[in-house]
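Peer 1:
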Amino acid sequence: MSSFFKKMKGGSQSPPGVGFSEIAWSWVGAFLGITPVALLQYNFFSDGDLVFLIGSFGASAVLIYGAVRSPLAQPRNLVGGHVISAVIGVAAWQVLGSAPWLAAAFAVATAIAAMHATKTLHPPGGATALIAVIGSEKIHSLGFLYVLFPVLTGVVIMLTVALFVNNIAGSRKYPEFWW
Amino acid sequence: MKFSALNECRQTISDEDIVVAMKKIPGYLDITPSDFMEIYRVAYDHALHRLKHAITAEQIMTRQVITVPETTPLAEVVRLLADHDISGMPVIRPDRTIAGVISEKDFLSKMGGGKSPSFMHVILQCIAHTGCIAADVRDLTAADIMSSPAVNIPGTTPLFEVAEIMDRHNINRVPVIDAAGLLAGIVARSDLIQTMC
Numbered sequence: 000m001s002s003f004f005k006k007m008k009g010g011s012q013s014p015p016g017v018g019f020s021e022i023a024w025s026w027v028g029a030f031l032g033i034t035p036v037a038l039l040q041y042n043f044f045s046d047g048d049l050v051f052l053i054g055s056f057g058a059s060a061v062l063i064y065g066a067v068r069s070p071l072a073q074p075r076n077l078v079g080g081h082v083i084s085a086v087i088g089v090a091a092w093q094v095l096g097s098a099p100w101l102a103a104a105f106a107v108a109t110a111i112a113a114m115h116a117t118k119t120l121h122p123p124g125g126a127t128a129l130i131a132v133i134g135s136e137k138i139h140s141l142g143f144l145y146v147l148f149p150v151l152t153g154v155v156i157m158l159t160v161a162l163f164v165n166n167i168a169g170s171r172k173y174p175e176f177w178w
Numbered sequence: 000m001k002f003s004a005l006n007e008c009r010q011t012i013s014d015e016d017i018v019v020a021m022k023k024i025p026g027y028l029d030i031t032p033s034d035f036m037e038i039y040r041v042a043y044d045h046a047l048h049r050l051k052h053a054i055t056a057e058q059i060m061t062r063q064v065i066t067v068p069e070t071t072p073l074a075e076v077v078r079l080l081a082d083h084d085i086s087g088m089p090v091i092r093p094d095r096t097i098a099g100v101i102s103e104k105d106f107l108s109k110m111g112g113g114k115s116p117s118f119m120h121v122i123l124q125c126i127a128h129t130g131c132i133a134a135d136v137r138d139l140t141a142a143d144i145m146s147s148p149a150v151n152i153p154g155t156t157p158l159f160e161v162a163e164i165m166d167r168h169n170i171n172r173v174p175v176i177d178a179a180g181l182l183a184g185i186v187a188r189s190d191l192i193q194t195m196c
């Protein structure tokens with residue numbers, strides 16, 4: 000029991016912070032990455048039933064523009080994590096939608112498990128799965144199209160921007176691995 | 000040849016070293032210093048294990064071994080050792096099995112060095128007895144003073160084990176035998192040092 004509480008003490012050192020150029024590149028990357036997806040959402044398809052921008056993209060931006068070297072930020076994880084989680088989220092809503100609390104919990108938990116099992120763990124994937132359950136009527140009515148719009152479309156755009164921006168930066172290299 | 004010293008090496012890396020390294024590497028590293036320490040520790044052990052087993056006795060042994068038969072007079076043994084600038088060699092039977100090893104140490108102990116013979120012990124003996132006892136040695140043969148049975152190892156013995164065997168038996172060379180038990184080569188301390196450094 001004492002070892003159980005001992006674990007909560009931490010005891011390890013926190014990692015060092017990053018320099019100014021790293022902060023600047025993170026800002027530039029995220030700005031350029033979110034811009035095209037947001038333009039699709041607000042300027043090109045604003046009157047339609049389509050959704051392009053979802054909250055989990057903000058989380059992906061943290062990883063692919065802010066923690067470029069992280070295994071969680073690599074293309075396999077970015078694309079695989081979102082797509083797999085989107086499928087699971089939509090399925091959870093369609094099967095368990097009558098009990099939204101269960102659909103929400105099941106979607107996130109299953110998404111994490113599936114991402115782990117497929118070596119595609121990408122934290123924003125949990126949000127993508129959750130959004131499929133708690134999203135607007137617009138999202139619900141998309142059905143499995145949700146996997147293509149907004150999820151895959153936005154992910155491919157953000158990945159493309161990451162490949163450009165992160166490799167222009169002299170101190171960065173992206174990706175560490177593709178698959 | 001103390002591998003325990005190597006085992007302690009990895010303890011010498013500190014949290015501070017890791018933090019300094021993480022600061023030097025540009026970009027955000029998605030690990031904590033203790034993550035790295037854990038990876039490092041396991042990787043170090045793995046590397047150590049790999050290195051310890053990577054090289055075997057037969058890869059570094061001398062194959063052209065200078066040997067003598069058991070009946071060789073000690074005068075002849077001494078000349079061979081001197082001519083080849085070595086301090087010991089295997090004594091073999093006609094079928095190339097090893098009867099023993101004869102080295103400086105055997106001479107020293109025969110000449111009054113006692114149980115842990117050294118050159119200085121012999122000098123001491125000379126001074127104390129006003130005369131040296133090398134004369135005894137003239138009529139003897141290799142078999143009379145060699146260390147027997149000799150410690151030997153198969154060719155597949157990993158290097159770190161060879162080092163431990165030399166250390167444990169306090170010997171400077173160890174004959175290598177083949178599957179049939181015949182002399183195949185010899186590993187000397189100097190071979191180990193050349194390989195390690």
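Chains as they are written, first to last, in numbering that gives the first Met the number 0: chain A, 0 to 178; chain B, 0 to 196.
Every residue, glycine too, gets a C-beta built ideally from N, C-alpha and C.
Shorter than 8 angstroms from the beta carbon of residue 27 of chain B to some beta carbon of chain A?
Peer 2: Within the second sequence, the letter at position 28 stands for residue 27 of chain B. At least one chain A Cβ lies under 8 angstroms of residue 27 of chain B.
Peer 1: Residues in the same chain with beta-carbon distance under 8 angstroms from residue 196 of chain B, minus the five sequence neighbours each way, listed in chain order, please.
Peer 2: The residue you call residue 196 of chain B lines up with position 197 of the second sequence. Note that residue 196 of chain B scores a pLDDT of 46, beneath 50, so its modelled location is shaky; the value from the coordinates is reported in the next line. Nothing listed; no residue qualifies.
Peer 1: Cβ of residue 87 of chain A within 8 angstroms of Cβ of residue 109 of chain A?
Peer 2: As a working note, residue 87 of chain A is residue 88 in the first sequence. As a working note, residue 109 of chain A is residue 110 in the first sequence. Yes.
Peer 1: Count the CB pairs spanning the region 24 to 34 of chain A and the region 149 to 168 of chain A that are closer than 8 angstroms, and state whether there are at least three.
Peer 2: yes
Peer 1: By alpha-carbon positions, which one of A:140, A:59, A:5 ends up nearest to residue 96 of chain A?
Peer 2: As a working mapping, residue 96 of chain A is identified with position 97 in the first sequence. Comparing Cα positions, the closest option is A:140.
Peer 1: Would a C-beta distance cut-off of 8 angstroms place residue 36 of chain A and residue 26 of chain B closer than the cut-off?
Peer 2: As a position in the first sequence, residue 36 of chain A is number 37, starting the count at 1. As a position in the second sequence, residue 26 of chain B is number 27, starting the count at 1. Contact flag unset, no.
Peer 1: Are any of the Cβ atoms in chain B nearer than 8 angstroms to that of residue 179 of chain A?
Peer 2: Since the first residue of chain A shown is 0 and the last is 178, residue 179 of chain A is not available in this structure.
Peer 1: Apply the 10 Å Cβ neighbour rule to residue 155 of chain B and answer buried if 16 or more other Cβ atoms are within range, or exposed otherwise.
Peer 2: Residue numbering aside, residue 155 of chain B sits at position 156 when the second sequence is read from its first letter. Exposed, because fewer than 16 other Cβ atoms sit within 10 Å of the Cβ of residue 155 of chain B.
Peer 1: Taking the C-alpha atoms as reference points, what is the distance between residue 100 of chain A and residue 138 of chain A?
Peer 2: For the purposes of this step, residue 100 of chain A is taken as residue 101 along the first sequence, with counting starting at 1. For the purposes of this step, residue 138 of chain A is taken as residue 139 along the first sequence, with counting starting at 1. Distance between the alpha carbons of residue 100 of chain A and residue 138 of chain A: 17 angstroms.
Peer 1: Are the CB atoms of residue 125 of chain A and residue 107 of chain A nearer to each other than 8 angstroms?
Peer 2: If you number the first sequence from 1, residue 125 of chain A lands on position 126. If you number the first sequence from 1, residue 107 of chain A lands on position 108. In this structure, residue 107 of chain A lies closer than 8 angstroms to residue 125 of chain A by Cβ.
Peer 1: Give the range of the beta strand (DSSP E) segment to which residue 62 of chain B is assigned.
Peer 2: Mapped onto the second sequence, residue 62 of chain B falls at position 63. Segment: none, residue 62 of chain B is in no beta strand (DSSP E) and carries neither H nor E.
Peer 1: Of all Cβ atoms in chain A, is any one closer than 8 angstroms to the Cβ of residue 177 of chain B?
Peer 2: For the purposes of this step, residue 177 of chain B is taken as residue 178 along the second sequence, with counting starting at 1. Not closer than 8 angstroms to any Cβ of chain A, the Cβ of residue 177 of chain B fails to qualify, so no.
Peer 1: For residue 182 of chain B, report the span of its beta strand (DSSP E) as first-last.
Peer 2: For the purposes of this step, residue 182 of chain B is taken as the residue at position 183 of the second sequence. Looking at the DSSP string, the run of the beta strand (DSSP E) that includes residue 182 of chain B is 182 to 187.
Peer 1: Among A:103, A:156, A:62, which one has its Cα closest to the Cα of residue 28 of chain B?
Peer 2: As a working mapping, residue 28 of chain B is identified with position 29 in the second sequence. Cα-wise, what sits closest to residue 28 of chain B is A:62.
Peer 1: Under 9 angstroms Cβ-Cβ, which residues of chain A neighbour residue 33 of chain B?
Peer 2: Numbered from its first residue, the second sequence carries residue 33 of chain B at position 34. By Cβ distance, chain A contributes 10, 11, 12.
Peer 1: Against chain B, with Cβ distances strictly below 8 angstroms, would residue 170 of chain A count as a contact?
Peer 2: Position 171 of the first sequence, counted from the start, is the residue given in the question as residue 170 of chain A. Judged by the 8 angstroms Cβ criterion, residue 170 of chain A is in contact with chain B.
Peer 1: Just to confirm the assignment, what range does the alpha helix (DSSP H) spanning residue 171 of chain A have?
Peer 2: As a first step, residue 171 of chain A must be located in the first sequence, where it is residue number 172. Note, residue 171 of chain A: premise wrong, no alpha helix (DSSP H); not H, not E.
Peer 1: Using a Cβ-Cβ cut-off of 8 angstroms, state whether residue 113 of chain A counts as contacting chain D.
Peer 2: Chain labels in this structure do not include chain D; the protein chains are A and B.
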